[in-house]
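A short worksheet on the structure shown next.
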Amino acid sequence: MEYEYMSIESLQKLKEELNNLKYRKRPVISQKVATAREHGDLKENAEYHAAREELSFMETKILQLEDRISRTRVIKEEDLPNDKVYILKTVKLKDLKFDDILEYTLVSSAEANFEENKIAVTSPIGKALLGKAVGDSVEVQAPAGILKYEVLEIK
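Residue numbering for the sequence shown follows my numbering, beginning at 47 and increasing consecutively.
Set out below in structure tokens:
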């Protein structure tokens, strides 16, 4: 079993989404199926087939969320040392080609949001940064070629 590490806040969001699907949306869609079933011949009942497909999609999503939650391990940022890059750590990098200073926080794939500078530990740059210390160089294979960074700060 492959664990997924995330913050307690992210786990809570997943649980809320699961509860919403199971206890709010599922009953509504189940009712749609029942109502459509009452409209006669199921072979030619497009409304029924659409509702069944919607229910099937939702059940798959519920199973995926339940699986993901069962594989989740909560990490507390304060429990991680600051000497190396780990999930939930913010790292300041220097782009060695353009001399730009970049700052990213490594998060789970569920929390990743590039606009907020939150990158997934499973992304190419996330994988390359894991375990690095201040002063280490990092090379990342990207579609545009190899990107080179230096780790300036970890917090």
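A virtual CB, placed ideally from N, CA and C, is assigned to each residue, including glycine.
Assigned secondary structure, LEU60 (DSSP; H/G/I helix, E/B strand, else coil) | helix
Rounded to a whole number of angstroms, what is the C-alpha to C-alpha distance between LEU176 and LEU193?
-> 16 Å
According to the neighbour-count rule (16 or more other Cβ atoms, all chains shown, within 10 Å of its Cβ), is GLY172 buried or exposed?
-> buried
Out of LYS130, PRO170, SER155, state which residue places its alpha-carbon closest to the alpha-carbon of PRO189.
-> PRO170
What did DSSP end up calling THR136 once you bin it into helix, strand or coil?
-> strand
Taking only the alpha-carbon atoms, compute the straight-line gap between ASP113 and PRO127 and give it to the nearest angstrom.
-> 29 Å
Round the Cβ separation of ILE165 and ALA174 to the nearest angstrom and send it over; I've been treating them as touching at under 8 Å.
-> About 11 Å separates the two Cβ atoms, so there is no contact after all.
What's the C-alpha gap between ALA156 and GLN110?
-> 13 Å
What does ASN66 pair with, by DSSP beta-bridge criteria?
-> DSSP lists no partner for ASN66.
Ordered along the chain, which non-local residues of its own chain (more than five positions away) have a Cβ less than 6 Å from that of ARG204?
-> Given that the chain is displayed from residue 47 to residue 201, the structure contains no residue 204 and the question cannot be resolved.
Go to ILE108, then tell me how far its alpha helix (DSSP H) extends in each direction, as first and last residue.
-> 92 to 116
Could you give the DSSP three-state label for LYS194: helix, strand or coil?
-> strand
Taking the continuous beta strand (DSSP E) assigned at ALA188, which residues delimit it?
-> 183 to 188
Would you kindly work out how many angstroms separate the C-alpha atoms of GLU100 and MET47, rounded to a whole number?
-> 29 Å
Of the residues LYS107, VAL79, LEU88, the one placed nearest ALA97, counting alpha carbons only | VAL79
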